[in-house]
Every structure is written in C-alpha cells, then in structure tokens.
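Engineer: Chains as they are written, first to last, in my numbering: chain A, 3 to 497; chain B, 827 to 1232; chain C, 1007 to 1526.
A virtual CB, placed ideally from N, CA and C, is assigned to each residue, including glycine.
Pasting a structure below so you can have a look.
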Amino acid sequence: MSASRYDCIVVGAGHNGLTCAAYLARAGRRVLVLEAAERPGGAAATREFAPGYRVSSCAHLLHLMPAWLLEELGLARHGLRMAAERMPTIALSPTGALRIPLDPDSAAQNLGDTDAHALHEYEARMRRLARALRPLLEAVPPRLGSRAWRDRLTLLGLAAKLRLLGRADLRELLRIAGMCVQDLLDEHFESPLLKGALAFDAVLGTNLGPRSPGSVFTLLYRLAAAGGAPASLAQPVGGLGALTEALARAANGAGAELRLGAPVARVIVSEDSAAGVVLESGERLEADCVVSSADPTTTFLRLLGAEHLDAGFVRRVTHLRTEGMTAKLHLALGRMPQFTALAGAVPTGRLVLAPSPGAVERAFNDAKYGKFSAAPLLEIIVPTAVDPGLAPAGQHVLSAVVQYAPYRVAGGWEGQREQFLDTILQTLEAHAPGLRESVRAAELLTPEDIEAEFRISGGNWHHAELALDQFFMVRPVPGAAQYRAPLKGLFLCGA
Amino acid sequence: MLTETEPHYRQPLLRTPFHERMRAFSQVDSFIPWSGYSTVDVFSTVEQEYFSIRNGASLYDLTPMVKYRITGPDATRFLDRLVTRSVAKLRPGRVAYALWCDDAGRLIDDGTVFRLAEQEYRLCTGERQLDWLLDSSVGFDVRVTEVTAEIAALALQGPCSCWVLKALGLEGIETLAPFEHRAFTLPDRVAAAGTAVMVSRTGFTGDLGYELWVDPGDAERLWDALMEAGRIRTIRPVGSRALNIARIEAGFLLPNVDFVSSAHTLRNGTARSPLELALGWCVDFGKGHFTGRRALLEEQGQPPRRRLAGLDVEGTKPAHNALLYADRNGRREIGSVTSAAWSPTCKRNIALAMVDTPYFETGRQVWADIYLNRELTWERRMVRARVVERPFFAPARRRAVPPGDF
Amino acid sequence: MVGAGHNGLVAACFLARAGLKVLVLERNPYIGGAAVSRRLYDGFTYSNCSYVCSLLRTEIIRTLDLPGHGLQIIPYEGGCTLMRNGGHLALYDNHDALRREIARHSRRDAEAYDRFARDMLRHCRFIKPLLLRAPPDPTSFKPRDLGELLHLGRHFSNLGEERMYETLRFWTLSCADLLDEYFESEIVKAHLAGSSIIGTALGPRSPGTAYVLLHHYMGSIDGTVGAWGFARGGMGAITQALAAALAASGGEIRCDAPVERILTRNGRATGVALASGAEIPAKLVVSNMDVRRTFLKAMDPAELPPEFVQRVRQFKIRGSSGKLNIALDGLPRFPAIPAGSPCVRGDLHVTDSIDMLERAYDDWKEGRWSQRPYLDMLIPTQIDPTMAPAGKHYMSVFVQYCPYALADGPWTDDKRASFGRTVIDSIAEHSPGFRDLILHAEIRTPYDIEREVGLTEGNIFQGELTFDQLLFNRPVPGYAQYRSPIKGLYMCGSSTHPGGGVMGAPGANAATAILGDLRR
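See the structure below:
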C-alpha cells in the first residue's frame, strides 16, 4: 500500500496525543494521528450512554490543563466553551454541606472558627508549595548522573526554585512530602467532613488511602498541576469531548492529519529505529518518528515488542503498577436530583461524598483485599445543571467518579458489577432521597471496562499509578523518563 | 541418582551421579562446592592430573554445570535477544560459546548454546540464571526449564580422547568437527551397550576434547566403560585445580576470577563489558537487537579504557594477584593480574590481567609486583611482563578433523 | 544525662572518655531503658523489651571495648515462618541449603532471592556511611551543612545512574510492592515482610515500609550483613557493659533518680531538678528521652520557640507493638519444623501472607489489637545457657500490632489478659501443648511499656521511621543535629538520626556533636 512519508506518527488521539500533534504540526512537522476508536478523545470524550443522554465517558471535569495551553492552541477559537468555571467543591454529609473554597459571605458555615482560619492558612501554604513544585511538572525530567549540561542545569534550576521558597516553607515541604495526608490534616483541622473532603482529593485516582505515606505528595501534585489554585475546576459545554474535539481542530488547523478507526498493530523497526507503524488492517505507514500516547505496557510490550528492548528494561515495565482503583458511574435521571444537604440548591459544583478520613480509609481497606468498597466515596457532578444539552429537556445526567474499585476483584467483576452499582445507588439515595427511583438508565464502568473501552492497560486513567516511586525521573520507568523510549525514534507522550 | 540422603539443612550439597566413582579415586579427600554440588578439587596431585589433560586422556565431572532447556516457537528469537552473537546462524547439530549482558552492556555470564533442533536448545552455564532468563522471556513464546539434575555430563579431554571414544565404540566420532554435537548409542560389544550419549566437541582446555551428555541413570555405566576403554592410555579423573591450569593456557576466562558477573557486583564500576574482556569477537552488532547492544555500541564508539590481556611474565613464580605498573618503580598503577600459572607445557610463566589503556596492546611491556612467601618471609619482586596474544597454547590437534590417536 | 537507656549510656561513655564529668540519672531502680534483662520470674531472665541485637554499631562496641566489659553477642542461625497449613519456610545460613529450601516453594524465587539479597546489600552499603554522621540541614547555607550535602550528593552519585534511580524508588516503595518485584510465592514475601512492620504503625502495603525493611537488614555481626544475634545474658548485658565502660572512664550513674524538670535560664540549660526536689546543676544536659517527654513533659513549652513545640507535638510517636515474655517448663514443639533443623533457634513467625499482615494493621487502625497478630518469637535459651535453668526456656514474643489506646476505652487488666490470650492462642495453633508449658507470662502493651520504660506511647523507636521523620526531618526539621533550641541542651535518643533499634548511633552522634560544640 502507499507508504507516503510523515515526519511524525502519533498513536492515539486522546488529549495528550492531540496536544502533542498540535504542537508538532505548529513546528512545521508533517503529522499523522492514528486513533483506533471511531471518535477522538480517548478517556476525555463524550458519548451517548443511553438513548438521548450524553456524558463525559471518563474524565468529566477540566481541571489540570494549564490556561496557557488552552490559549496557545486557541481552543476557544476552535469551539471550546465552558459551561461552568471555577466550580467549587461541596463536601456532603448527612447533616450538611461544606463549600470549599469557603463562601466568603457566610462566615464559618458548618465549620468552626479555628478550622476556617486554619483552612485559609493551609490553603495559602499548600498553594505556595505547589507552585514551587510546578516546574517539576513542566520540565523534561533530568537524568541523574548525566554529564549533559541540559540535565545538570535542569536539576540546578529545580533546586534553585525550591530554595526560593524560603527556609520555613522549604522545611515544611521536605517534612510533608513523604507524609500521609491523614497526619497532615490532623495537624491542622478538626472537622471530619473537611478532612474527609481534603483527604479525598489526595487519593482520588490513586491507589492510596489517607494513611498511606505519599498521599500528601499526590495532593501536592494535584494542586501543582492545577496551577496552585485549588478550584480551577471547569466543565466544557458538551462534556470533555468538546475539549478533545477542539484539540483535534487545532491540530488539523496546524496541518496535522487525523485518521479514526485505524488501530495500530505494531511499530515498524528498521536499523534499530522506529520507522513507522503497521495498522491492524496491514497498512504500512512510514515516518521518521513515532510518538505513542498509549500506556507504557501497551507501547513497549505490544506495539514495539520486547525483542527490541533490553531485558532489564522490560522487567521494569512489567513491574510498573498500572491497575486502576476507580470506577465511573453514569446515570440518566428523570429529574434533577435533590441533595438534602444542599437544601434545595441546584448542584452546579463538584460534589464530594467523603464524610471523614476514616470513611476514606475504610473504603480503601476493602479494595486492598480485592473487594469493591462497601461504602464507596464519590465525586459527583450533574453536568446538565449547567449544560442542559446533554440530556432531553427536563432530564438529567449524573456523572460520578467512584473510589475504590479495584481492577482485580475476588470472583471477577462479571458477577459483582450489579452489586456494586446497587451499593453506590444506596449511597446516593442516602444523600439524595428519591434519586434511585428517578434513574432511567445506569452504566457502571469498572477499571476492567475502562481498560477495554479506552485501551488503557490496567484501567488506570493515569496509565501508571501516581505514586512517589513512579514519578518524575523514574516515570514510567528509568530509561524512559524523558519521553524518549530506549529505541531511537520512538517517543512517549501519554499519561 | 544419588542426590540427597540427608535433608538439605544437614547436607546442603548435592552429589552428582559420578560421586561414588570419584570418591573411590580421591586420595586426598579434597572436595569443594560448585553450583550446589560437591565436586573434586584434586584427586592426587595437580601435576599428574594436568598431564593426563595434555598428554593422555582426562575425565572431569561436568554435571554441576547449570543446564536449561529452551523450547518454543520463539526459542531462536529469545536466544538472539539474550546473547550477543547470532543464534539464528547456528545450525542444528552445532554448539557455540555465547555471552549475555545486562542493559548496560556489562557481562552477566558466559556459556554454551547447543542447538538440538530447529526450536530446541540447551544452554549451559556455570551459575544459576533462571530469574534473568525468565525475565528475558517476557514477550516471547518460549519455555525455559532448568534441567541440571536431569543430565549427567563428563568432559573427556586430551590428545588421546578421540582414540578413547573410538575404543568405546562410537562409530564416526573422528568426523565430529569442533563445535559440533551428535547423538550416539554405545554398541553391543561394550558393557554399557545401548546407552544413549550425546557428544559435543567442546571443552575448557583448549585441547582436543569432547563433552559427553548422558542420562543420570547411565552415568556410572558410562564412566566404567570409559575407564575401561582408556585404561591403556592411563585415562584418569581430574579435579578443578588441574583444569584451571589448562584453561589459563587456553586463554579462557573464569567467572568470579577474571570477571565478576554484573548480577553480583555491589560496587559501581566493577562489572565488565565483553569489549573490556577482549570478547568483542563474540558480539555481533549486525544481527539485530540484543540486551545491552545499544550500550555496547556507545562503548565501542569511544576509546577503550581497559582490556583483558595475556601476559608472559619473567621468571618462574606465578604472578598471582599481582598489581601491574607502567614503570619499574611502581609509580603508575595500570592494572592487575586475575589468573596466573606456570605453564608446564609451554614452559612459560603466564597470566591473564585487566590492563589499562594503552598498555594492553600486544607487545607492550609492563611490570608485575609479585609477592613471594619464602617460609613466612615475604619478598617483593618487580618483574617484567610482556603483553602477548592468546591462547598461550594452541595445538593443531584441537581443531583437526579427523584428529589423530595421540 | 537524663535516662540510662543504651543511647544515653553510649553518649555518656564518649563524653566521659573525652574528659567530661558525667552523671547519668535514671528514674527506674535499674538501668537500660528498653535494653534490659529482668528477673521477673524464679530463675528466669527476660529480655523483656528489646530482645535481639544486630544494629549495635561495631565501631561503638570496639571503641568502648564492650567485650572487655563483658558483652558477647552470639549470632543465631536462620529463622522460620510457620504456615497455617502445617508447612513452613525456613531461612538457613548455608547458601545452598537456603536455595533448596526456597526452591521447595518456588524455584524461581530461590534464584530471585540472590538478586534480592544483592540489592539489599547494595542499599545497605549506601546507607551505612550515613548512620554515624549527623544529617545536614538542606535549608542552611552554613559551610558545614553545604559540605555535608555535597558529601551526600557525591556518595549518592557514586552509585551510578541506574542505582540512583533504584535507591530513589526503594525509599518510596512499600515493602509489598518491593517484594512483588522479586518473588512470586506468598510465603517468601510474608516471611521477609515481617521486618518491614516491626515497631511501625504501617502495614506492608504502606509506601515507605521498604525502608523499614532495610533498617532491620542493615545491621551486621562480625561482618555478616543482616545477621541477628543474642546478647549473652539478655539485652541487659549490653547496657551493663556500657555502664561498666562508663564507670571505667570515671562516669557516674544514679538510679531511682527521676528527673522532673530540665532547668534553663535565659535560653541556656543549667541543670535538672529531680522529683525529690533536689536540683543538680550542670553545664550541659543531654536527654535520652524521646522528644515529647523531653520538651513537653520535662520542660515548660513556654520556654521553647512555639514553632518548635508545635513540631514536637506533631512528631509521630505511636505505639503499635506489644510483647509477651514467657517462662516455659520445656522446649515447645513446632511440628511444622523438621526435626533437627537449626531454624528453630532463630526467629519464628506465624503470619504467612501479606494480606494477613495488612489485616493485622487494619485492626490497629481501628483501635484494636490484631485478631491475628504478627508474632516474632525467639527462644534464646536454646543457645544462651545463662537465662533459665537447664531444660527450661524463656521465650520472647514480639507482637505487631497492639494499640496504645484502645477504641473502646483504657487498658484494663482484663483487656491485657485478653490480648495475651490472643497471642498465646496463635502460638498454640502451631505448637500443640504450648499452654501446658507456660510457667509465667508477662504481657506488655504499649501502655505498659510507656509506664515502665518511659517511651511515649510505647513506641520502640521513639518515633515512627517514616520518610517524613528521617534524616534531616528527625525529630524536627532544623533540629536534626542533636541540638535543641536551648543552648547546652542536647538530644541523644532514638528520636534523633538514625532512629531506633539498639544501635547506639544516635548516642554516638550526639556525643560527637557535643564535643564538637565544646571545642568551638
């Protein structure tokens, strides 16, 4: 078949693949993006899960994408509009709600004076620390022991930025970086609801509990990625699919080609370099380099093949912890859910069901032994509250991220999905009476389902567990932590 | 097969099927552990055993060699990704010396690869490697199993070794070329009639010799038959000390003596690459990817920092563990001796040494700092040593087809 | 010196040797802190707190000539985990025996064990030089700190690139994840994981426990890294030898002399006041107590900088371990262990899966003692003839987990007895007739340990060994070099670097810091 040559082939049109393609195209490269699904977006997509009801099929909030990126790529020009911005987080309990950031008007609502004051200070400090860590996220991690000046300068630059924190903050950072979030929160706050919500943020999407050392780190990561601001949560009109569609337009606009329904079977290797890909259809496409946004296990073991890699490197890849702990719930509702704690207010924010750190820890306990949580924790949005186009008139969608749901469940998910769904619905019902009865359709994606639908090995939307030992200079594995694979011409750009 | 009569915490070492036979020959009761087995260091005297290697016929128990069976549709591809030389080019019926490295191009171990059939191999090596082999098998449709205890092996080495095998009744043994292997069955007229034996023309002595591979149940029978067949050529078993002298003459490396496996090193910078060990000839950069290739290519692109070299040392005292210097005054240290021996056959004082650049070039002269224990008074001597090509001893008979009777 | 625990005695010895006039004040009638031998039952000697020795620095033993003062440490051979199904996994000193033993469970694990041991040795080699050095303050620009940081940086970079990454990962991994990178069989992992939770309020799946595993691996006896042994005569032999060494250098020890207050004036330590009211002036005061007792109990927090006090309050000292000390009428039978195997003389365990260990931790989180606790059992009298009458035995049982404060109210005699029963039932499951051999059992909860030994919450390390409480964070960032905010007041207990275990390094390092300050 035709072997028209490209400069770069990007495997996967998820948001990372599209962003990478857009920048490569803007830099003048001839780029081809190949997506296996019939629609771009990967885990940042919108689809219909029940007739007439659409939902962001995995990620449902825009949170960590930096503003400068949205601007540089001109996504607003390409159709991206926000239905809600700077959404607050509202922690729900059976007795009341707690809004974070605190409502500046109503003083100390549901929160004692000390806690309110402490929260203010805590947020200020965490913002400062997160800002100092931000360069870590936007730098190519340096190689340790490297003689290359670029690496040495990066390391020095990072160290300098940390020093600029000042003694007290730096000491604090060094002290808490390895701590568990439970201990940190216990140092500052009393209110279980407040601590529960903050602890939940630290463990959302991770395989940690509030008492796990390293959960402060994941919290700082989340804050750092969000630009240091705790509430930059936004909801695009049309769900996250609108984001990735805008990205696709931006990439196209810059000259990149996008092919859908074109699953890649493997990478072509010629003279120990990546030289293109072969599609499952057999079609060969040549390029000077291949950029994979697929997870490392898929990229290295399936697309490339162990025979092109060193055995020690392959061993590290097989040890990469990639299993997901999070499920996704989609509900089609006949009417707007009424959360008791909101006292009638329309749920336009991000609702969190995490009544206390103990509850989060207990939910984590279950998952450690291969069981879904008996009292799961939820991050809920009702996207139709600000974006009615996602459902028929007067109907609503509820989208929830559910923690914890282990990838491997004793006995398998087949027999247990229904039970888990039931458990979740019970939890929701307790906070929003009448919700169950209004459910017209329900879809629960377990990590296994996420793996299958979004082609993410292990079903973890981070592709590899977010943990200190799988971060920065060792992420995903040493030897591939600078976006380059050990093989010339092959690059990584995924989560 | 007599392997254990006592539980392992009382008798940690296993015994090979030849153990009782060897014990009968042991005059000085000198056994050492090798690979979890009890083996013989020396039977009577090292000199006598050595000369049966170079003058007659010798038997050495190879059973403790760790053996792996490798089969499966991807067996060849698996091995090609593991070792540094091309396995695809190895035809069934042949065997090759092979090395394998870690990701950084540091040598893990060496061994021999037997191609028994299209996708069936036997890998023989001195140390256990199942962990690394299984990790290397990820992504390949291949099965790796350890078969050490299922195969008994003897090395028959020496100028009369072909003659002994002919006397044993192995038809056509003289046509077996170096690095070939073939299956034989002992003929009716012999005591061990019907015994199946695989013979490979391989060895660790650099001389005419063969290695025999047999089912453990037939081991003692084979031994007896060999001893009978070689009686008039004074065939005798040899221990590892005698073998050591022969292998130094042959210029062969011994793990943990001439190099430390990178699987064992604790300190940074002590593992060695094949290039540093002068085994570059065994590295085929053109065959496709293998573990360590990229690192080795990078190394090759740079001037070498050190290399293993052969030394011809002045005097008659072996230069064990001697440090090497560029000058007689010992101001500039440039390496150290790893193996040393007085060669009874070459009548030279030989050594293997790791030498810094550029002193490893053939013809260079260096100085060796030898310590001699003279009845508990230590004497230190700086002697001249010249870098020479290896092997030190390379008789024509080791490659001859057909080989002579002596 | 406030407190005659082993670190205090070590520091006192070094100070006395340097010519200082040293007085050690101990509130109990006996010295030793948690390194004691107690005769609590007719003719039996109990190592009733710490029970085995490995971490005690060879340099300290040698410099203070502790063998000359009577100390002998005897390594024991191997150890064993007893399985619920009647099987076992033993560790043997002989490498070939060990390989064959592990191969009974998994051939691959038998070989992976070599890789594991090698990697642990590599980590030990990295950390060893750091133990007898005060950690640098990374926020300081003082030449001493910068120099030390540079030294550490070079030490780290000498590992080579690959090992630098391995080290970074190792210090942040959980023990369970670490072991998953080597082994496939549950019993091997469970046996090795025990050391990662000893004295620690974390489970094997908690990140950071790989370090705790290393902490228990990095000791050595006579050059054998990772070996553990008995002090002949019980752990008290160590502190008795230290006391003798102290006396030989002119130091003095006073027992039954509880210190109630550390006296200060104008930001300077001036001495101590005993509970009796007597005041003892001194130029320097060194505290062997943990930081909480030192700064929150023996001092008025108002005398200290508020941020320091806050950090001391936040320093996590959590009791998670219990102990049983049992006098036995004979040697218990363990049918799972083959007759004649030397491993019975080593450490015996009954938890045979990572899940069991993790669930035991979950119980502790809920404020209960573990229903199926991790037990580390040793019977030193098999090797040490001095601790019990011939034919009778003393068994030490270390229990993880047991909370300092129960969720359902304070510890009572009944609850303690119930806890003891849980442990003994567990042992009896693997040792028929065990109960019949019991002559006497001392049952200790963290609460008891706190009352008797003076360790806050009964935490054996004087503070958790988590990443946020190690090195320059231990005990308080900015105060990780044995000095307190009060001039002339120093810390030398396990609350300081490098942490707990009968190591002596905190004491030695503190002495070095003190002597250095005096010279200046």
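Pull up the CB-CB distance for Ala377 (chain A) and Glu37 (chain A), whole angstroms please, since I reckon it's below 8 Å.
Structural biologist: Here residue 377 (chain A) is taken as the residue at index 375 of the first sequence, counted from 1. Here residue 37 (chain A) is taken as the residue at index 35 of the first sequence, counted from 1. Not confirmed; about 38 Å, so no contact.
Engineer: On a CA-only basis, which of A:Pro449, A:Ala482, A:Arg442, A:Val399 is nearest Thr48 (chain A)? Give me that one, please.
Structural biologist: The count along the first sequence starts at 1 and reaches residue 48 (chain A) at position 46. Considering only alpha carbons, the answer is A:Val399.
Engineer: Buried or exposed: Gly937 (chain B), going by 16 or more other Cβ atoms within 10 Å of its Cβ?
Structural biologist: Position 111 of the second sequence, counted from the first residue, corresponds to residue 937 (chain B). It is buried - the Cβ of Gly937 (chain B) has at least 16 other Cβ atoms within 10 Å.
Engineer: For Asn1479 (chain C), which residues in chain A fall below 9 Å Cβ to Cβ?
Structural biologist: Numbered from 1 along the third sequence, position 473 holds the residue referred to as residue 1479 (chain C). Simply Arg173, Leu176, Arg177, Gly180.
Engineer: Alpha helix (DSSP H) containing Ala1045 (chain B): first to last residue?
Structural biologist: Counted from its first residue, the second sequence places residue 1045 (chain B) at position 219. Taken as a continuous stretch (DSSP letters only), the alpha helix (DSSP H) holding Ala1045 (chain B) covers 1045-1055.
Engineer: Got a sec? Which residues, its chain only, sit under 8 Å from Ala1022 (chain C) by beta carbon, not counting five neighbours each side?
Structural biologist: Within the third sequence, numbered from 1, the residue matching residue 1022 (chain C) stands at position 16. Answer for Ala1022 (chain C): Val1028, Leu1252, Ser1255, Gly1256, Gly1257, listed in chain order.
Engineer: Give me the residue from B:Gly1141, B:Asp1153, B:Asp1231, B:Phe1219 with the minimum Cα distance to Arg1076 (chain B).
Structural biologist: Position 250 of the second sequence, counted from the start, is the residue given in the question as residue 1076 (chain B). The sequence as given places Ala at residue 1076 (chain B); Arg does not occur at that position. Of all alpha-carbon atoms in B:Gly1141, B:Asp1153, B:Asp1231, B:Phe1219, the one lying nearest the alpha-carbon of Ala1076 (chain B) is that of B:Phe1219.
Engineer: Beta carbon of Leu287 (chain A), beta carbon of Pro42 (chain A): below 8 Å?
Structural biologist: Looking up residue 287 (chain A) in the first sequence gives position 285. Looking up residue 42 (chain A) in the first sequence gives position 40. Result no, Cβ atoms of Leu287 (chain A) and Pro42 (chain A) do not sit closer than 8 Å.
Engineer: Let me make sure I understand the geometry here. Which of B:Leu1103, B:Gly1106, B:Leu1105, B:Val1086 has the alpha-carbon closest to that of Ala1097 (chain B)?
Structural biologist: As a working note, residue 1097 (chain B) is residue 271 in the second sequence. For the residues B:Leu1103, B:Gly1106, B:Leu1105, B:Val1086, the minimum Cα distance to Ala1097 (chain B) belongs to B:Val1086.
Engineer: Does DSSP classify Ala978 (chain B) as helix, strand or coil?
Structural biologist: Position 152 of the second sequence, counted from the start, is the residue given in the question as residue 978 (chain B). Here Ala978 (chain B) sits in strand by DSSP.
Engineer: Please name the residue, chosen from B:Thr974, B:Val970, B:Leu1101, that lies closest to Gly952 (chain B) on a Cα-to-Cα basis.
Structural biologist: Looking up residue 952 (chain B) in the second sequence gives position 126. Nearest C-alpha to Gly952 (chain B): B:Thr974.
Engineer: Quick one: list the residues of chain B neighbouring Ala1118 (chain C), beta-carbon separation under 7 Å, in chain order.
Structural biologist: As a first step, residue 1118 (chain C) must be located in the third sequence, where it is residue number 112. Those within 7 Å of Ala1118 (chain C) in chain B are Asp957.
Engineer: Short check: CB of Arg1324 (chain C) to CB of Glu1470 (chain C), under 8 Å?
Structural biologist: As a first step, residue 1324 (chain C) is located in the third sequence; it is residue number 318 there, counting from the start. As a first step, residue 1470 (chain C) is located in the third sequence; it is residue number 464 there, counting from the start. Closer than 8 Å, so yes.
Engineer: Label Arg1488 (chain C) either buried or exposed according to how many other C-beta atoms from any shown protein chain fall within 10 Å of its C-beta, with 16 as the threshold for buried.
Structural biologist: Taking the third sequence and counting its residues from 1, one reaches residue 1488 (chain C) at position 482. As written in the sequence, residue 1488 (chain C) is Tyr, which differs from the Arg given in the question. That one is buried.
Engineer: Given a cut-off of 8 Å, decide if Pro449 (chain A) and Ala365 (chain A) are closer than it, judged by their beta-carbon atoms.
Structural biologist: Stepping through the first sequence from its first residue, residue 365 (chain A) is reached at position 363. Stepping through the first sequence from its first residue, residue 449 (chain A) is reached at position 447. No, these two residues do not count as a Cβ contact at 8 Å.
Engineer: Would you list, in sequence order, the uninterrupted alpha helix (DSSP H) runs of no fewer than 4 residues that lie entirely inside the stretch 382-447 of chain A?
Structural biologist: Positions of the alpha helix (DSSP H) runs, each at least 4 residues long and wholly inside the stretch 382-447 of chain A, are given as 419-433 in order along the chain.
Engineer: Check the Cβ-Cβ distances between Pro232 (chain A) and every residue of chain B, and say whether any is below 8 Å.
Structural biologist: Stepping through the first sequence from its first residue, residue 232 (chain A) is reached at position 230. In this predicted model, Pro232 (chain A) has a pLDDT of only 48, less than 50, meaning its place in the structure is not dependable; the value taken from the coordinates is given anyway. By this cut-off, Pro232 (chain A) is not an interface position.
Engineer: Return the CA-CA distance between Glu1154 (chain C) and Gly159 (chain A), expressed in angstroms with no decimal places.
Structural biologist: Against the third sequence, residue 1154 (chain C) aligns to sequence position 148. Against the first sequence, residue 159 (chain A) aligns to sequence position 157. The alpha-carbon atoms of Glu1154 (chain C) and Gly159 (chain A) are separated by roughly 21 Å.
Engineer: Can you tell me where the alpha helix (DSSP H) holding Cys988 (chain B) begins and where it ends?
Structural biologist: Here the question's residue 988 (chain B) lines up with position 162 in the second sequence. Cys988 (chain B) -> alpha helix (DSSP H) spans 987-994.
Engineer: If we call anything under 8 Å between Cβ atoms a contact, is Glu972 (chain C) one with Ala1096 (chain C)?
Structural biologist: Any question about residue 972 (chain C) goes unanswered here, given that chain C covers just 1007 to 1526.
Engineer: What are the boundary residues of the beta strand (DSSP E) that includes Asp1382 (chain C)?
Structural biologist: Looking up residue 1382 (chain C) in the third sequence gives position 376. 1380-1384 is the span of the beta strand (DSSP E), which, as asked, contains Asp1382 (chain C).
Engineer: Are any of the Cβ atoms in chain A nearer than 8 Å to that of Thr1117 (chain B)?
Structural biologist: Counting from 1 along the second sequence, the entry for residue 1117 (chain B) is found at position 291. True, the Cβ-Cβ gap to chain A drops below 8 Å.
Engineer: Would you list the one or two residues that DSSP bridges to Gln1406 (chain C)?
Structural biologist: For the purposes of this step, residue 1406 (chain C) is identified with residue 400 of the third sequence, where counting begins at 1. Listed as beta-bridge partners of Gln1406 (chain C) by DSSP are C:Ser1327, C:Tyr1380.
Engineer: From this set, C:Ala1233, C:Phe1176, C:Arg1260, C:Gly1397, which residue's C-alpha is nearest Ser1212 (chain C)'s C-alpha?
Structural biologist: Locating residue 1212 (chain C) in the third sequence gives position 206, counting from the first residue. Nearest C-alpha to Ser1212 (chain C): C:Phe1176.
Engineer: Ignore the nearest five residues each way along the sequence and tell me which others in Gly1528 (chain C)'s own chain have a CB closer than 6 Å to its CB.
Structural biologist: The structure shown has nothing for residue 1528 (chain C), since chain C only spans 1007 to 1526.
Engineer: Quick check: is the beta carbon of Ala248 (chain A) nearer than 8 Å to any beta carbon in chain C?
Structural biologist: If you number the first sequence from 1, residue 248 (chain A) lands on position 246. Taking Cβ atoms only, chain C never reaches closer than 8 Å to Ala248 (chain A), which makes this a no.
Engineer: With H, G and I counted as helix, E and B as strand and the rest as coil, what does DSSP make of Phe374 (chain A)?
Structural biologist: Counting from 1 along the first sequence, the entry for residue 374 (chain A) is found at position 372. Coil at Phe374 (chain A), not helix or strand.
Engineer: With which residues is Pro1213 (chain C) paired in a DSSP beta bridge?
Structural biologist: Taking the first residue of the third sequence as position 1, residue 1213 (chain C) is located at position 207. Answer by DSSP bridge pairing, in chain order: C:Ser1180.
Engineer: Using only alpha-carbon positions, find the residue among B:Arg903, B:Arg1131, B:Cys950 that is nearest to Gly1029 (chain B).
Structural biologist: For the purposes of this step, residue 1029 (chain B) is identified with residue 203 of the second sequence, where counting begins at 1. In terms of CA proximity to Gly1029 (chain B), B:Cys950 leads the group B:Arg903, B:Arg1131, B:Cys950.
Engineer: Taking Cβ-Cβ distances shorter than 9 Å, what residues in chain C pair up with Pro838 (chain B)?
Structural biologist: Start at 1 with the first residue of the second sequence, and residue 838 (chain B) comes out as number 12. Ordered by position in chain C, the residues that pass the 9 Å Cβ test against Pro838 (chain B) are Tyr1098, Asn1100, His1101, Asp1102, Ala1103, Leu1104, Arg1105, Arg1106.
Engineer: What does the Cβ neighbour count give for Lys915 (chain B), buried or exposed, with the cut at 16 atoms within 10 Å?
Structural biologist: Stepping through the second sequence from its first residue, residue 915 (chain B) is reached at position 89. Exposed is the call here.
Engineer: Less than 8 Å between the C-beta atoms of Ala252 (chain A) and Ala24 (chain A), yes or no?
Structural biologist: In the first sequence, residue 252 (chain A) corresponds to position 250, counting from 1. In the first sequence, residue 24 (chain A) corresponds to position 22, counting from 1. Closer than 8 Å, so yes.
Engineer: Tell me, which residues are paired with Arg1008 (chain B) by DSSP?
Structural biologist: By 1-based counting over the second sequence, the position of residue 1008 (chain B) is 182. Per DSSP, the beta bridge partners of Arg1008 (chain B) are B:Val1025.
Engineer: Tell me whether Ser1432 (chain C) sits in a helix, a strand or coil according to DSSP, three-state version.
Structural biologist: Here the question's residue 1432 (chain C) lines up with position 426 in the third sequence. It is helical.
Engineer: Under 7 Å, CB to CB, which of the residues in the stretch 1343-1368 of chain C have a partner in chain B?
Structural biologist: Pro1344, Gly1346, Ser1347, Pro1348
Engineer: Could you list which residues in chain B have their beta carbon closer than 9 Å to that of Phe315 (chain A), in chain order?
Structural biologist: As a working note, residue 315 (chain A) is residue 313 in the first sequence. In chain order, Asp929, Thr1117 make up the part of chain B whose C-beta sits under 9 Å from the C-beta of Phe315 (chain A).
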